[in-house]
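The structure under discussion appears below in the form of structure tokens.
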Amino acid sequence: MSHETAVEGTNYLNNGYSLRSWFLTTDHKRIAILYLFTIVLFFFVGGSFAVLMRLELMSPQGTLVQAETYNKLFTMHGIVMIFFFLIPSIPAVLGNFLIPMMVGARDLAFPRLNLLSWYVFVAGASVTLFALVTGGLDTGWTFYTPFSTSYSNTRVVPAMVGIFITGFSSILTGLNFIVTVHKMRAPGLTWFRLPLFVWSLYATSLVMVLATPVLAITVAMVAFERATGIGIFNPAIGGDPLLFQHLFWFYSHPAVYIMILPAMGVVSEVIATFSRKEVFGYRFVAAASLAIAVYGFLVWGHHMFVSGQSVYAGLVFSILSYLVAIPSAVKVFNWTATLYKGQIWFQTPLLYAFGFIGLFTIGGLTGLFLAAMAVDVHLTDTYFIVAHFHYIMVGGAVMGFMAGIHYWWPKITGRLYPEGWAKFSALVLFVGFNLTFFPQFLLGYLGMPRRYYHYPPEFQVLNVLSTAGASILGVGYLIPLIYLLWSLKRGKVAGANPWGATTLEWQTASPPITQNFPTTPVVTSGSYEFPALEEVHSE
Amino acid sequence: MSDHAHPTPVAHQFDDREQQTEVGRLGMWLFLATEILFFGGLFTAYLVMRWKWPEAFAVANSKMDVTLGAINTAVLLTSSLTMALGVRAAQLGRGKGSFALIIATMVFGLAFLGIKAVEYARKFQEGLFPGPGFVFEGATGRQVETFFSLYFMMTGLHALHMVVGIGILTVIAAMIRRGRFSPDYYAPVEISGLYWHFVDIIWIFLFPLLYLIHPHL
Amino acid sequence: MQGLPSEHIVPLKVYFTVASALFVLLALTVGVSLIDLGPFNIVVALVIAVAKMLLVVLFFMHVRWSSRLVWLFASGGILWLAILFALTMSDFLTR
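Protein chains in written order, with the working numbering: chain A, -4 to 534; chain B, 1090 to 1306; chain C, 1281 to 1375.
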């Protein structure tokens, strides 16, 4: 209620304050806010499991928790972070908020379905949480059979039911986005004028729609097999555990791209805006998103090199896995080329984007080690893998999420975050992240296996370093939580377009009106045509 | 889906009726693509298991009632015909005809489920439901059980889709009754029809895969 | 845009012809299953099933008269299922 309310008249936030106006809303912007609250909650839930694990690993002979508890901790950390934070993070929050605005529409194609997606998500999450608090789960987030179907004594069935339900939230969101991008674009907004964020979310949605149902039916089969003692995964009665792995990774490898592609979309937007240049090789960056989404379906067997999969299949999967490096590299090179001779404006979103490029490159290149079959035999199930995918998921996806939240915060709330604090915490996050996970590369290379609650004493120094880094990382996540909440009331009023950005969402008020635009915009040029010189820099 | 049931206004996010119709249609097609992969997991399991245990599958097949399966296929194909004709009647604005044809589709759907229930009951009696009560003499007993696991999962999921389909058609029939549709606006009828035909197609594959495995394979 | 392809009214004759073809194919697939063709029984059964699917998709589901996007979505799901089959079997067939 501060005085300098630049917000004239109504916008989507002050258009109704009742609970009903939030929980029965069909406004994509309000639904995005509902998702934001939900996933931030899960981020800190999942984070607290990580804290306990890192504390446990400070000393070689487990002192804090029992082996069984530790097994549950890493399982629950994985499940919560992957299914309830990373997968919905950018798509369901920023995608929901921005896709209709970026294509110049009043809402998504199916607004009520969008609200239903959120409820389905909450329902699935509740069932899963129920499983976690009433006994937990110790299968790892991969639920490998026959352990999960026949031997684990934990709450497999309710967890499977929860994941099954959550999957439909993802499917419905992806479906909504795809139809919206196809049919709801403003006049003049051709495919090759779309912002790259929309391209990457479109590619993400394809993966959601085509991969998630396979996971859903697979966890249903696991639950069925466990509940009735029959089935097709248990080798004791002629089933095949590798069949489970094939089906599981048909979803779960592409799921990695559900997490990383949206972050790439954010980085493209941020780099264009803060270097004030059209994205270099726009069409290649757009096509690379689709290529990554499609290739993502052809490489799942690289998770199974040591599983007993045939060597010939392994070879095919290995070669195909190398190909994913091509579109990924196209993106990285094109971002750097965009920065070249740009008018760089070092604001927090750009710092996070830089963090993304560096950390994603490390994560991607170490992925190539793992795609090589012979090297993978040495590194499988060690901390090298753990470090590799945290560089992609935290260094990549979460950095992208932070970049996006800061970049669009003024649009979402109408207020600027405090730049000094934001830069400081971006730095803290970068340092904390590397200190946490770089030692894990070394640990893995030296042979420390993942998913153990104790370890030989010679690994202690690196583990203590990693735990120290995790504490810094934790602080790095708390600072933004505090200053972003603070900025809701105290932050400087942002104005419609504080960054001088060119995409459509900045051409309307901040926060936007419920209908997004007073009149449907007509597009006459590409997304990144910056005027020659601007006075935006005068802060 | 967007059954914006009012014949008059176009939902606020759309510019015109045509956009709304095409959006609904594409949404359903995309949903069906998802459904293909949803069933696809089971079909993959079937493929792998049949490849691993061809003899057991052939033996298990001798326990299947081809006659009932074929009758059910015919019932379902007929229901697809009445569904297609029901959509056509809706396109032409023939409310009564469309109503009768949708009801006929539902009746055929219920007939299918009835026959399916008879088959299930017999399988239970013969001890062919997988689990502790499963009885099958012979060396391949455990793999025969695997076949029946797949049989019950695949046909069960299919039957579930039939139940959902009949539920959807109930709503559609009620909407026709209240005169919600016109030659300008019949998208919900058409889109529900797409779903119904899809469920039919799943059965078109389930029938040969589950009932017609040749004993000499 | 009047006269969208999707608003096409299909003549009754087409529907009845397609339905008859479906019944003929049903009889055929049951009939063929009674003859021993060795490994080709399953091939014939699947070819007939695909033919029936195409009839339903093209005529009953109006894809024949639909936009290119509908064609794309309809074939996309099947293509992805083929990927799932092919790469899974690439393992099992080469063990």
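Note that beta-carbon positions come from the ideal geometry of N, C-alpha and C, so glycine has one too.
Residue i at chain A interface by Cβ criterion, 9 Å
i, result
"B/D1104", "yes"
"B/S1151", "no"
"C/I1358", "no"
"B/A1163", "no"
"C/S1370", "yes"
"C/S1300", "no"
"B/R1269", "no"
"C/R1344", "no"
"B/V1112", "yes"
"C/S1286", "Residue placement at C/S1286 is flagged as unreliable, the pLDDT there being 49, under the threshold of 50; the coordinate-derived value follows with that caveat. For C/S1286, the answer is no, since every Cβ of chain A falls outside 9 Å of its Cβ."
Cα-Cα separation, residue i to residue j
i, j, result
"A/L346", "B/Y1135", "50 Å"
"B/A1149", "B/F1237", "8 Å"
"B/M1243", "C/F1365", "17 Å"
"C/L1352", "B/L1115", "10 Å"
"A/F454", "A/L237", "33 Å"
"A/L167", "A/N109", "7 Å"
"A/F349", "A/P208", "35 Å"
"B/G1113", "B/D1289", "21 Å"
"B/H1095", "A/E63", "Caution applies to B/H1095, whose pLDDT of 47 falls short of 50 and renders its modelled position unreliable; the model cannot decide the point."
"A/L248", "A/T140", "This sequence places His at residue 248 of chain A; Leu is not what is there. Cα to Cα, A/H248 sits roughly 18 Å from A/T140."
"A/A126", "A/I225", "22 Å"
"A/F419", "A/N329", "27 Å"
"A/Y562", "A/G291", "Because chain A is modelled from -4 through 534, residue 562 of chain A falls outside the range shown and cannot be assessed."
"B/F1127", "A/P506", "39 Å"
"A/R410", "A/V393", "22 Å"
C-beta neighbour in chain B for residue i, strict 9 Å
i, result
"C/K1293", "no"
"C/T1309", "yes"
"A/N458", "no"
"A/N6", "no"
"A/D227", "A small fix is needed here, since residue 227 of chain A is Ile in this sequence, not Asp. Answer yes: the Cβ-Cβ gap between A/I227 and chain B drops below 9 Å somewhere."
9 Å Cβ cutoff, residue i in contact with chain C
i, result
"A/F312", "yes"
"B/K1185", "no"
"A/A293", "According to the sequence as given, residue 293 of chain A is Leu; it is not Ala. Output row for A/L293: interface = yes."
"B/T1133", "yes"
"A/V176", "no"
"A/M203", "no"
"B/D1154", "no"
"B/M1303", "For the record, residue 1303 of chain B in the displayed sequence is His; it is not Met. Taking Cβ atoms only, chain C reaches closer than 9 Å to B/H1303, which makes this a yes."
"A/M179", "no"
"A/G162", "no"
"B/F1197", "no"
"A/M299", "yes"
"B/E1279", "yes"
"A/G169", "no"
"B/M1251", "no"
"B/P1219", "no"
Within chain C, partners of residue i - CB distance below 7 Å
i, result
"B/W1118", "V1350, F1353, A1354"
"B/F1294", "A1329"
"A/Y65", "Per Cβ cutoff of 7 Å: no residues; A/Y65 is ~32 Å from chain C at best."
Under 9 Å by beta carbon: chain A residues contacting residue i
i, result
"C/L1364", "V209, H241, L242, F245, F292"
Under 8 Å by beta carbon: chain A residues contacting residue i
i, result
"B/K1141", "G233, D235"
Cβ neighbour criterion (16 or more within 10 Å) applied to residue i
i, result
"A/Q61", "exposed"
"A/Y335", "exposed"
"C/L1359", "exposed"
"C/V1330", "exposed"
"A/W501", "buried"
"B/H1247", "buried"
"B/K1205", "buried"
Chain-ordered chain A contacts of residue i [CB-CB under 7 Å]
i, result
"B/V1137", "D235, L238"
"C/T1374", "S305, Y307, A308"
Cross-chain neighbours of residue i in chain B, by beta carbon under 8 Å
i, result
"C/V1241", "The structure shown does not extend to residue 1241 of chain C, since chain C is modelled only from 1281 through 1375, so no value can be given for it."
Chain-ordered chain B contacts of residue i [CB-CB under 7 Å]
i, result
"C/V1290", "R1177"
"C/L1367", "Under the 7 Å cutoff, chain B gives no residues; its nearest Cβ is about 10 Å from C/L1367."
(message) If we require 4 or more residues per run, which alpha helix (DSSP H) segments fall completely within the region 1134 to 1217 of chain B?
(response) You should have 1143 to 1150, 1155 to 1180, 1184 to 1214.
(request) Scan the region 318 to 383 of chain A and note each continuous alpha helix (DSSP H) run of 4 residues or more that stays entirely inside, going in chain order. (result) 343 to 366, 368 to 374
(request) Identify every run of the alpha helix (DSSP H) within the region 247 to 329 of chain A, keeping only runs that are complete inside it and at least 4 residues long; order them along the chain. (result) Entirely contained in the region 247 to 329 of chain A, the alpha helix (DSSP H) runs reaching 4 residues are, in chain order, 277 to 290.
(request) Could you pull out every unbroken alpha helix (DSSP H) segment of at least 4 residues lying fully inside the region 386 to 469 of chain A, listed in chain order? (result) 394 to 408, 414 to 441
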